[in-house]
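Convert by adding 101 to the 1-based position in the sequence shown; the result is the number in the working numbering.
Idealized CB from N, CA, C, for every residue including glycine.
Fair warning: this is a prediction, and the values are worked out from it, not measured in the lab.
Here's the structure we're looking at; comments come further down.
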Amino acid sequence: MNKFLPWPEAFDANEWFIIASGVFYLVLILSLPKRFPMVICLTLWLFNTTLAKSADYTIAAALPYDLYDYNDSGKLEFFDEVLQYLLYPQVGYLMMYMYDLWRPTSYKLVAFVLALAGFSVWYEWSSVQAHVFTYKGWSLRYSANSYLILIPLNIWFLDTMKNWWNRLERKNL
């Protein structure tokens, strides 16, 4: 694992932030009543992982952009993968859980998306303070705009998956 996915140079605030966040969100998810079939949970998880990986490789890792780094270095580390494969999808799942639970419409949906985007910016700011991200041309303002696209995209994806699942279940009755 050392050559392919090295451990961090130093085990410090950024790794603890990722571990604490991951454990907190996992406990929260496991304590909630089941809301979605497993296939929807998995596709939602994969969807958010794909979004995170695609965005990060495009604007963080790929030249000519290289707008931010993760954790202790500009190189891929074990905790970078934990962040992308576990933490991002956990937060996305919880957001979609709340959306599906409350089903806001009209101006309440706009307020809901704005509130989630605000939370996301605050959470990202917190992770910057813990040195999970080091900006090199990126700004929280860009993140806020990104969240205003990504959250409705997640809502669309969840609604699409639920419609597909419901049609499939009706067909199998």
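- For residue 190, same chain residues with a beta-carbon under 7 Å away, outside a window of 5 residues either side, are 146, 149 and 150 in chain order.
- Scanning its chain for C-beta atoms nearer than 6 Å, with the 5 sequence neighbours on each side dropped, one finds no residue around residue 157.
- Here residue 256 is buried. Its C-beta has 16 or more other C-beta atoms within 10 Å.
- Judged by beta-carbon spacing, residue 180 lies within the 8 Å limit of residue 109, meaning their Cβ atoms are closer than that value.
- Taken in chain order, the whole beta strand (DSSP E) runs of length 3 or more contained in the stretch 192 to 249 are 234 to 236.
- Around the beta carbon of residue 246, fewer than 16 other beta carbons lie within 10 angstroms, which makes this residue exposed.
- Residue 193 sits buried, since 16 or more C-beta atoms from the chains shown fall within 10 Å of its C-beta.
- A direct Cα-to-Cα measurement between residue 216 and residue 199 gives close to 12 Å.
- It is roughly 17 Å from the alpha-carbon of residue 120 to the alpha-carbon of residue 177.
- In the structure shown, the three-state DSSP call for residue 189 is helix.
- Contact between residue 263 and residue 167 does not hold, since their C-beta atoms are separated by about 38 Å, which reaches or exceeds 8 Å.
- With at least 16 other beta carbons inside 10 angstroms of its own, residue 173 counts as buried.
- Here the C-alpha atom of residue 204 lies approximately 33 Å from the C-alpha atom of residue 230.
- Under the DSSP assignment, residue 181 falls in the alpha helix (DSSP H) whose first and last residues are 179 to 183.
- For residue 227, the closest of 118, 250, 113 and 111 by C-alpha to C-alpha distance is 118.
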